[in-house]
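Visitor: Pasting a structure here, questions to come.
There are 4 protein chains.
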Amino acid sequence: MPSVAVVGAAGFAGALCAAIVERHPSLDLVAVTARSDAGLRLDQLYPRHRVSLELEAFDADRVAERAEAALVAYPHGAAAPVVAQLRERGLKVVDLSADFRLERVRYEAAYGPHAAPALLGASVYGLPEIGHREAVRGADLVAGPGCYPTAALLALWPLREVAADAVVDAKSGVSGAGREATGTTHFVSVAENVNAYKVEGHRHRAELDQELAGRGFPVTFTPHLLPIDQGLLASCYVTPKHALSAADVRELFLDAYAGEPFVELVESPPGVRDVRETNLCRVCATVEPATGRVLAFAAIDNLWKGAASQAVQDLNLMLGLREEEGLGAVATTGTPAPVRAARTEEVPS
Amino acid sequence: MPSVAVVGAAGFAGALCAAIVERHPSLDLVAVTARSDAGLRLDQLYPRHRVSLELEAFDADRVAERAEAALVAYPHGAAAPVVAQLRERGLKVVDLSADFRLERVRYEAAYGPHAAPALLGASVYGLPEIGHREAVRGADLVAGPGCYPTAALLALWPLREVAADAVVDAKSGVSGAGREATGTTHFVSVAENVNAYKVEGHRHRAELDQELAGRGFPVTFTPHLLPIDQGLLASCYVTPKHALSAADVRELFLDAYAGEPFVELVESPPGVRDVRETNLCRVCATVEPATGRVLAFAAIDNLWKGAASQAVQDLNLMLGLREEEGLGAVATTGTPAPVRAARTEEVPS
Amino acid sequence: MPSVAVVGAAGFAGALCAAIVERHPSLDLVAVTARSDAGLRLDQLYPRHRVSLELEAFDADRVAERAEAALVAYPHGAAAPVVAQLRERGLKVVDLSADFRLERVRYEAAYGPHAAPALLGASVYGLPEIGHREAVRGADLVAGPGCYPTAALLALWPLREVAADAVVDAKSGVSGAGREATGTTHFVSVAENVNAYKVEGHRHRAELDQELAGRGFPVTFTPHLLPIDQGLLASCYVTPKHALSAADVRELFLDAYAGEPFVELVESPPGVRDVRETNLCRVCATVEPATGRVLAFAAIDNLWKGAASQAVQDLNLMLGLREEEGLGAVATTGTPAPVRAARTEEVPS
Amino acid sequence: MPSVAVVGAAGFAGALCAAIVERHPSLDLVAVTARSDAGLRLDQLYPRHRVSLELEAFDADRVAERAEAALVAYPHGAAAPVVAQLRERGLKVVDLSADFRLERVRYEAAYGPHAAPALLGASVYGLPEIGHREAVRGADLVAGPGCYPTAALLALWPLREVAADAVVDAKSGVSGAGREATGTTHFVSVAENVNAYKVEGHRHRAELDQELAGRGFPVTFTPHLLPIDQGLLASCYVTPKHALSAADVRELFLDAYAGEPFVELVESPPGVRDVRETNLCRVCATVEPATGRVLAFAAIDNLWKGAASQAVQDLNLMLGLREEEGLGAVATTGTPAPVRAARTEEVPS
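As given, the protein sequences belong to chains A, B, C and D, one line each in that order. The opening position of the first sequence corresponds to residue 30 in the numbering used here, with each subsequent residue numbered one higher. The opening position of the second sequence corresponds to residue 30 in the numbering used here, with each subsequent residue numbered one higher. The opening position of the third sequence corresponds to residue 30 in the numbering used here, with each subsequent residue numbered one higher. The opening position of the fourth sequence corresponds to residue 30 in the numbering used here, with each subsequent residue numbered one higher.
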């Protein structure tokens with residue numbers, strides 16, 4: 030059974046990686062590391078995850094002695110050197126930061142100089158559903174996509190050939206901002222509030238641009254912060270190159286996602302609550318009658334499909350395991366769920 | 030001092046109308062009516078509003094004996110006959126429903142046959158900031174705009190001549206759905222959730238179309254439900270006909286709203302919490318560097334500027350009072366507030 | 030593999046029963062019934078549970094043809110006749126209502142005449158941890174305890190011999206009020222609010238009185254409604270008959286719960302979030318230095334340990350399965366978890 | 030018109046003090062100071078308060094040049110030296126910290142050495158409703174009570190002669206923890222959670238003990254943190270020395286609070302939402318039929334009556350103004366409001 034270390038397990042995404050790996054029937058969690066919480070048991074920080082391993086200070090050799098693979102959940106910039114050390118010691122790595130998601134020129138434009146540029150070419154973008162599955166299977170280093178790009182790309186991918194332009198209005202829960210306590214994550218700032226942020230350009234845009242590159246349509250991307258802990262909704266508004274019917278759109282999405290274990294096509298706009306604590310992305314696409322615009326909504330749990338569980342999905346592929354293993358609920362593809370009876374009433378009218 | 034009745038004061042918007050009128054220094058609240066809660070004191074239903082008047086069953090004659098003006102907060106369809114009775118008795122009326130917002134053909138396409146079509150021509154759309162101020166001043170019947178159109182129109186109005194198309198992604202708190210308990214307004218449906226709804230066409234679109242009519246640009250409009258009680262944010266994405274700089278855009282907004290007492294131009298995206306329980310609309314407009322799209326965000330309190338306080342703003346104008354009277358906080362126009370220091374930290378990255 | 034039906038699967042607790050049974054490795058979910066939602070698939074009402082069975086109208090014969098056991102999640106009063114029909118047909122039953130929790134005289138004092146009094150004597154109170162485990166094992170009919178009594182009894186049980194009196198201040202999330210949309214469960218009533226209710230006497234008190242009967246100490250019980258969806262905290266204040274040290278109290282709790290798979294003793298007051306979506310009850314007991322009072326806090330998920338998962342725990346015992354089977358996280362007994370590092374900061378001071 | 034400075038206006042309570050003073054018809058806000066945010070305008074930190082004064086670094090002389098009185102909202106310990114400087118310069122002061130609430134021996138037991146012990150004897154405890162009104166009127170230095178003691182004392186005061194013991198289970202919103210971002214105030218720690226804290230002894234207990242001193246009954250006090258921003262509920266359970274009827278209890282509360290402008294006696298348990306953003310304390314007291322215990326619930330807004338608006342109430346008295354001036358809603362005493370129709374439905378049952 031492959032042995033796995035989680036490096037950076039004291040943050041929200043890393044801790045969840047540890048919890049998922051520990052319950053995974055075909056993976057063995059052998060080490061969890063932390064930068065400032067070493068010495069604590071993980072369940073002291075995160076009682077719900079119920080992982081009782083003690084957090085260690087990171088030491089590449091000690092990790093490599095025990096683990097064949099690692100999930101790295103460090104902040105952007107801090108991840109690259111650690112990943113390099115682990116790769117040198119032969120571990121397969123899924124990195125959850127932005128450090129290996131982008132081509133070098135895109136990375137440096139968004140984040141500045143890269144700490145391990147030699148590895149950039151070897152990395153695969155870990156969103157299997159948009160054409161990267163085979164590359165992930167063969168990879169030794171996979172970059173887990175950002176939470177926003179995961180949802181936005183899953184909404185836009187089936188439309189990539191027909192889109193003239195796209196607006197992505199994305200909304201995330203607070204856990205996406207990480208464990209650090211700041212004015213922004215203070216309960217009193219968030220409760221009963223919603224606002225856009227980083228309108229001058231969020232760095233996740235670079236991922237959208239890269240993955241849709243060559244498709245030749247401009248994408249507007251604006252993130253918003255919501256008073257929820259977990260959940261992310263990408264509401265996408267696409268002007269088609271030529272008129273499309275709702276049936277055309279449905280066809281595009283069925284073609285793109287038939288058989289996908291973690292994409293669930295539904296007939297009414299998904300709520301993030303419906304995918305909470307799953308690796309699922311729930312997608313609804315339709316055409317606005319009044320304008321002919323294509324509307325596509327993708328809901329994920331930002332910590333799961335947007336981070337930790339998607340990293341395990343990638344790791345499953347890299348290790349030759351079944352893609353769905355250890356990840357719980359799986360989509361019922363090909364059978365879009367009908368409208369939810371509990372949500373048909375009137376809303377702000 | 031003008032005497033005012035609130036008809037339909039047991040709902041969220043009507044109750045708030047009563048509270049604002051009661052504290053208004055130049056208005057006299059003389060009656061509150063309700064359809065099914067008659068006999069209760071208003072503060073039994075809404076302790077926070079602290080209006081101790083008893084709710085009466087509606088009787089047009091009894092209302093007309095005491096009141097010169099009325100705010101009517103009935104559901105769509107139910108309002109028109111009541112408004113007609115009050116107008117026959119000479120009362121000035123602000124109606125908060127959709128019944129008098131639209132030209133007849135637009136109304137009937139969205140809502141079906143109209144109960145008092147003769148009055149439609151006499152009604153003025155009560156959004157003073159978009160060119161209706163003088164008409165409201167002279168009107169006997171004003172239609173309070175919908176909550177979504179209020180925010181969306183205030184964001185789009187300065188761009189009306191330069192827009193090639195627009196996407197409005199709007200997000201509302203639950204109070205917009207009204208006091209009725211439904212599956213949609215159940216706490217458990219809303220908490221930790223967000224979803225789009227009525228993607229096939231919300232009836233508020235007709236207001237946007239009417240008020241922007243002749244401008245010749247298509248508007249996509251999609252409402253979302255948020256886990257907050259009060260607050261509404263319209264995030265608007267406008268493709269300009271020709272390239273605009275951020276300075277151009279700022280100029281357009283300053284021109285449109287200089288001196289407006291209830292529109293506050295700010296330099297970073299507004300949060301709905303910043304305007305909670307005020308008649309203010311806080312607006313931020315900028316240009317997305319990567320695409321040249323104009324982004325305009327408008328935040329209101331859906332029950333205040335989106336309903337009750339805006340109705341009192343209209344009533345002030347109709348009665349020759351100062352527009353700001355009894356409405357609390359007023360914008361500091363011409364001096365866009367700088368970035369809020371408390372909100373500069375990192376968010377979902 | 031035992032076949033199980035869930036009767037009343039359209040409510041919050043019933044739907045969760047169905048989800049837990051469906052994922053249970055040693056139970057086979059064969060039918061789900063509903064009173065007013067028959068014909069819908071369960072996942073149309075509850076997408077998160079991902080149970081695709083179709084809800085049927087209840088028919089005792091049709092259920093008995095397929096199922097050896099049933100979980101009944103009907104409202105109080107409505108449950109008894111249905112349980113009687115299922116028992117007549119030989120099914121083992123766990124009933125989640127109050128109908129079989131109480132001795133007849135207590136039941137009728139709190140709820141009125143009983144519809145199936147003959148069955149009352151055959152029923153076992155399904156809280157294994159307070160001395161009922163063996164009785165549950167041998168039972169054909171088990172009454173799932175109320176959510177409030179579950180937490181309160183687990184906090185008070187170890188103190189039953191030493192208590193002179195007790196105050197239970199209990200706080201529950203909104204899901205405890207059920208799926209019905211009412212003024213009380215409206216998001217706008219609950220958000221940013223907290224209040225006590227039923228101070229004149231909640232019917233759950235009868236369970237506390239019965240289970241602590243003969244102990245001769247009076248219990249004050251007051252429920253409160255919180256703005257959370259799931260979670261219940263019982264804060265218990267016990268005057269001891271004679272002075273107890275913190276070590277004495279810890280001893281009592283260790284004695285009572287050593288080896289219990291679902292009771293987790295911790296050293297700092299538990300948060301309901303720590304047990305969310307688990308069958309665990311997290312308990313902390315200590316002595317207030319200033320007064321010598323014993324403080325005992327018990328946190329559960331009201332829909333899990335307070336209803337659905339506890340019903341499956343009972344069913345496991347009744348069917349001779351391992352008590353923990355299909356119920357996920359299990360307590361690490363005997364090793365009270367230390368203080369959570371993430372919660373040591375200052376709070377309202 | 031008296032001129033007022035707010036010292037420490039960058040925190041939650043200080044900023045609200047500034048907002049209330051600025052809108053006060055008989056007070057003139059002349060300066061606001063801050064320790065680390067000097068140079069910012071207050072409305073950059075707190076847009077909702079709409080106070081556009083610039084925050085200055087504190088300088089006692091510069092404050093004294095302009096202000097006759099000051100509200101000081103510094104943390105415990107930091108307040109005393111600042112208050113001493115202002116008193117030396119002749120300003121009347123209301124201090125919101127704990128520094129002047131307690132007799133010296135109690136203070137030093139709870140907080141350690143005091144920085145300005147000479148002033149302790151001159152300070153008056155600023156809860157006018159429990160017998161301190163005349164002393165506050167004549168005082169030059171008033172200590173604003175803690176948020177928890179404000180609610181608890183208002184619930185317990187009428188029972189002081191009849192109580193044998195008392196349990197106070199108190200629940201506060203997150204704003205009580207202040208503006209500092211910590212693990213405890215992180216949205217993700219608070220959402221969907223509730224927990225007790227400081228069970229070993231919260232320092233607010235010393236205030237309870239002092240104000241109820243000589244009454245000879247022990248008080249258990251346990252604070253809890255709730256997922257709301259503003260609001261505090263004290264649920265008090267009092268064993269009476271001798272049997273009391275509900276009518277007896279009502280009489281005690283009417284005697285204690287008849288004519289009080291900010292205490293509102295109600296007949297059903299108050300919700301904190303009912304007093305949000307007011308200086309009101311809403312109190313309900315009754316007798317539990319099953320045990321004879323007296324239950325008393327007091328709801329306040331922790332930032333208003335629990336801090337900022339109560340400080341202005343004290344300042345009004347000290348300056349010879351009408352106690353209610355500038356403080357908005359006032360209680361309708363002598364007429365307990367009946368049960369709220371909107372809250373009669375079933376709740377967790």
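Ideal Cβ positions, reconstructed from N, Cα and C, are used throughout, including at glycine.
Let's see if you can read the secondary structure: which residues bound the beta strand (DSSP E) around T251 (chain B)?
Guide: On the second sequence, position 222 is the one that residue 251 (chain B) refers to. Run containing T251 (chain B): 248–254, per the beta strand (DSSP E) assignment.
Visitor: Starting from E236 (chain B) and walking both ways along the alpha helix (DSSP H), at which residues does that stretch end?
Guide: Walking along the second sequence from the start, residue 236 (chain B) turns up at place 207. Here the alpha helix (DSSP H) through E236 (chain B) covers 234–240.
Visitor: How would you write the range of the alpha helix (DSSP H) that V394 (chain C) sits in, first residue to last?
Guide: The structure shown does not extend to residue 394 (chain C), since chain C spans only 30 to 378, so no value can be given for it.
Visitor: From which residue to which residue does the alpha helix (DSSP H) around D57 (chain C) run?
Guide: As a working mapping, residue 57 (chain C) is identified with position 28 in the third sequence. Counting along the chain, D57 (chain C) falls outside any alpha helix (DSSP H), though it belongs to the beta strand (DSSP E) covering 57–62.
Visitor: Taking DSSP as the reference, what is the three-state secondary structure of T362 (chain A)?
Guide: Translated into the one-based positions of the first sequence, residue 362 (chain A) becomes position 333. Residue placement at T362 (chain A) is flagged as unreliable, the pLDDT there being 47, under the threshold of 50; the coordinate-derived value follows with that caveat. Here T362 (chain A) sits in coil by DSSP.
Visitor: Counting pairs of Cβ atoms below 8 Å between the region 248–266 of chain C and the region 158–169 of chain C, do you hit three or more?
Guide: With a cut-off of 8 Å, the region 158–169 of chain C and the region 248–266 of chain C do not count as touching, because too few Cβ pairs lie within range.
Visitor: Quick one: complete beta strand (DSSP E) runs, 3+ long, within the region 118–187 of chain C?
Guide: 121–124, 152–154, 170–172
Visitor: Is N224 (chain C) close to chain D? Criterion is C-beta to C-beta, closer than 8 Å.
Guide: As a working mapping, residue 224 (chain C) is identified with position 195 in the third sequence. Chain D, which has a Cβ nearer than 8 Å to the Cβ of N224 (chain C), makes this yes.
Visitor: Rounded to a whole number of angstroms, what is the C-alpha to C-alpha distance between D90 (chain B) and V171 (chain B)?
Guide: Mapped onto the second sequence, residue 90 (chain B) falls at position 61. Mapped onto the second sequence, residue 171 (chain B) falls at position 142. Cα atoms of D90 (chain B) and V171 (chain B): separation of roughly 21 Å, rounded to the nearest angstrom.
Visitor: Under 8 Å between C-beta atoms, does G106 (chain D) make it to chain C?
Guide: Position 77 of the fourth sequence, counted from the first residue, corresponds to residue 106 (chain D). Not one chain C Cβ lies under 8 Å of G106 (chain D).
Visitor: Look up P290 (chain D) in the DSSP assignment and say whether it is helix, strand or coil.
Guide: As a working mapping, residue 290 (chain D) is identified with position 261 in the fourth sequence. Looking at P290 (chain D) - three-state DSSP - the assignment turns out to be coil, as it is neither helix nor strand.
Visitor: Of the choices D:A48, D:D66, D:S65, whose alpha-carbon is the least far from that of V59 (chain D)?
Guide: Start at 1 with the first residue of the fourth sequence, and residue 59 (chain D) comes out as number 30. Considering only alpha carbons, the answer is D:A48.
Visitor: Within 8 Å of any Cβ in chain B, is that where the Cβ of A287 (chain D) sits?
Guide: Indexing the fourth sequence from 1 puts residue 287 (chain D) at position 258. With 8 Å as the cut-off, A287 (chain D) does not count as an interface residue toward chain B.
Visitor: Check the Cβ of G300 (chain D) against every Cβ in chain C and list those closer than 7 Å, keeping chain order.
Guide: Sequence index remark: in the fourth sequence, residue 300 (chain D) carries index 271 (1-based). What G300 (chain D) touches in chain C: N222, V223, N224.
Visitor: When Cβ atoms are compared, which residues of the region 299–321 of chain A fall closer than 9 Å to chain B?
Guide: P299, G300, V301, R302, D303, R305, C313, T315, E317, P318, A319, T320, G321
Visitor: For A340 (chain C), tell me which candidate among C:A220, C:A113, C:G175, C:L131 has the shortest Cα-Cα distance.
Guide: Against the third sequence, residue 340 (chain C) aligns to sequence position 311. Nearest of C:A220, C:A113, C:G175, C:L131 to A340 (chain C), Cα basis: C:G175.
Visitor: Go ahead and label A379 (chain C) buried or exposed: buried means 16 or more other beta carbons lie within 10 angstroms of its beta carbon, across all protein chains shown.
Guide: Limits of chain C in this structure are 30 at one end and 378 at the other, which puts residue 379 (chain C) out of reach.
Visitor: Could you have a look at P318 (chain B) and say whether DSSP puts it in helix, strand or coil?
Guide: On the second sequence, position 289 is the one that residue 318 (chain B) refers to. Correct three-state label for P318 (chain B): coil.
Visitor: Would DSSP call G40 (chain C) helix, strand or coil?
Guide: What you label residue 40 (chain C) is simply residue 11 of the third sequence in a count that begins at 1. Correct three-state label for G40 (chain C): coil.
Visitor: Of the residues D:M30, D:F129, D:A139, D:T179, which one's Cα is nearest the Cα of D169 (chain D)?
Guide: On the fourth sequence, residue 169 (chain D) is found 140 positions in, with the first residue counted as 1. The candidate whose alpha carbon is nearest that of D169 (chain D) is D:F129.
Visitor: Assuming T315 (chain D) and A358 (chain D) form a contact by the criterion Cβ under 8 Å, report the distance between their Cβ atoms to the nearest whole angstrom.
Guide: One-based indexing of the fourth sequence puts residue 315 (chain D) at position 286. One-based indexing of the fourth sequence puts residue 358 (chain D) at position 329. About 24 Å; that fails the 8 Å criterion.
Visitor: Name the residue from C:E94, C:E190, C:E132, C:V122 whose alpha carbon lies nearest to the alpha carbon of V101 (chain C).
Guide: Translated into positions along the third sequence, residue 101 (chain C) becomes position 72. It is C:V122.
Visitor: With 8 Å set as the bound, which would you pick, yes or no: does the beta-carbon of P290 (chain B) sit closer than that to a beta-carbon of chain D?
Guide: In the second sequence, counting from the first residue as 1, residue 290 (chain B) sits at position 261. No, P290 (chain B) does not count as interfacial toward chain D.
Visitor: What is the DSSP secondary structure of H78 (chain C), counted as helix, strand or coil?
Guide: Stepping through the third sequence from its first residue, residue 78 (chain C) is reached at position 49. Correct three-state label for H78 (chain C): helix.
Visitor: Check whether chain C comes within 8 Å of A76 (chain A), counting only Cβ atoms and requiring the distance to be less than that.
Guide: Counting from 1 along the first sequence, the entry for residue 76 (chain A) is found at position 47. For the sequence presented, residue 76 (chain A) should be read as Pro rather than Ala. Taking CB atoms only, P76 (chain A) has a neighbour in chain C less than 8 Å away.
Visitor: So is A86 (chain A) in contact with chain C if we call contact Cβ pairs under 8 Å?
Guide: Sequence index remark: in the first sequence, residue 86 (chain A) carries index 57 (1-based). Output row for A86 (chain A): interface = no.
Visitor: Given this structure, state the Cα-to-Cα distance separating T62 (chain B) from G205 (chain B), to the nearest angstrom.
Guide: As a position in the second sequence, residue 62 (chain B) is number 33, starting the count at 1. As a position in the second sequence, residue 205 (chain B) is number 176, starting the count at 1. Taking the CA atoms as reference points, T62 (chain B) sits about 21 Å from G205 (chain B).
Visitor: Mind pulling the chain D residues with CB within less than 8 Å of A358 (chain B)?
Guide: Start at 1 with the first residue of the second sequence, and residue 358 (chain B) comes out as number 329. Below the 8 Å Cβ cutoff, chain D contributes R79 as neighbours of A358 (chain B), in chain order.
Visitor: Within the 8 Å Cβ cut-off, does D258 (chain A) reach chain B?
Guide: Counted from its first residue, the first sequence places residue 258 (chain A) at position 229. It does; some Cβ of chain B falls within 8 Å.
Visitor: Any C-beta of chain A sitting closer than 8 Å to the C-beta of S264 (chain B)?
Guide: What you label residue 264 (chain B) is simply residue 235 of the second sequence in a count that begins at 1. So yes, S264 (chain B) belongs to the interface.
Visitor: Rounded to the nearest angstrom, how far is the Cβ of A337 (chain B) from that of A39 (chain B), given a contact under 8 Å?
Guide: Numbered from 1 along the second sequence, position 308 holds the residue referred to as residue 337 (chain B). Numbered from 1 along the second sequence, position 10 holds the residue referred to as residue 39 (chain B). At roughly 13 Å, the Cβ-Cβ gap does not stay under 8 Å, so A337 (chain B) and A39 (chain B) are not in contact.
Visitor: State yes or no: is the beta carbon of F326 (chain B) nearer than 8 Å to at least one beta carbon in chain A?
Guide: The residue given as residue 326 (chain B) occupies position 297 in the second sequence. At least one chain A Cβ lies under 8 Å of F326 (chain B).
Visitor: Using CA coordinates, which residue listed in A:A96, A:C310, A:R232 is at the minimum distance from L131 (chain A)?
Guide: The residue labelled residue 131 (chain A) in the question sits at position 102 within the first sequence. The option with the nearest alpha carbon to L131 (chain A) is A:R232.
Visitor: Closest to N308 (chain B) by C-alpha separation, out of B:T268, B:L294, B:D277, B:D330, would be which residue?
Guide: Residue 308 (chain B) sits at position 279 when you count from the first residue of the second sequence. Answer by Cα proximity: B:D330.
Visitor: Using a Cβ-Cβ cutoff of less than 7 Å, which residues in the same chain neighbour Q239 (chain C) once the five nearest sequence positions on both sides are dropped?
Guide: Along the third sequence, read from residue 1 onward, the residue named residue 239 (chain C) stands at position 210. Once the five neighbours on either side are set aside, the close Cβ partners of Q239 (chain C) are L131, E132, R135.
Visitor: Three or more C-beta pairs closer than 8 Å, one from the region 257–274 of chain D and one from the region 287–302 of chain D: is that the case here?
Guide: yes
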